[in-house]
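Asker: Everything in the sequence shown is counted per my numbering, starting at 1491 for the first residue and increasing by one.
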Amino acid sequence: MATVKTELSETKLKSLRALLETRHAELDAEIENLENDIKAKTEDESAESGTGGNHPANEGSDVRDAEQSATIHNDLDIMRQQVVEALQRMEDGTYGLCQRCGKPINPERLEALPYAAYDIECQAEMERAAGL
Ligand SMILES: [Zn+2]
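1. Out of Ala-1560, Gln-1558 and Leu-1600, state which residue places its alpha-carbon closest to the alpha-carbon of Ala-1576.
2. If you follow the alpha helix (DSSP H) that Cys-1612 is part of, which residue opens it and which one closes it?
3. Helix, strand or coil for Leu-1587 per DSSP?
4. I want to check one thing, is the minimum distance from the CB of Asp-1518 to the heavy atoms of ligand 1 below 7 angstroms?
5. Which word fits Gly-1583, buried or exposed, when buried means at least 16 other C-beta atoms lie within 10 angstroms of its C-beta?
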């Protein structure tokens, strides 16, 4: 792939990097909280062993809770991965370029979505292809 100079200034890049690093720390904290939460629930459930305890809607709620937590965990993992990859692209000097077509991503899009890996056109095309 030919090297395309990004349109991002050093200053802009720096502030985007700060945003990504903050997001990364937040996601780490969220994931840790969630994992503690899941662990607490699992322990809670085995301790109570079917008495229902203080759960208002007991039947199957723990299972749904666990499923929900797993879904959230998965989403957080994906987001963290996107943030990590964006930071990696900054290291590589490919940050701000679409990972699909190599064109520079609109700086406004990057400000709204600092971990965006694709430009709007490719994102839309991929979402269409994925049936979203
Ligand atoms: Zn593209």
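C-beta atoms are modelled at their ideal positions from N, C-alpha and C, and glycine is treated no differently.
Answerer: Concretely, from the data shown:
1. Out of Ala-1560, Gln-1558 and Leu-1600, the CA that lies nearest to the CA of Ala-1576 is found in Leu-1600.
2. Element bounds for Cys-1612: 1610 to 1619.
3. Residue state, collapsed to three classes: strand.
4. Every heavy atom of ligand 1 is 7 angstroms or more from the Cβ of Asp-1518, so no.
5. Of the other Cβ atoms in all chains shown, fewer than 16 fall within 10 Å of the Cβ of Gly-1583; this residue is therefore exposed.
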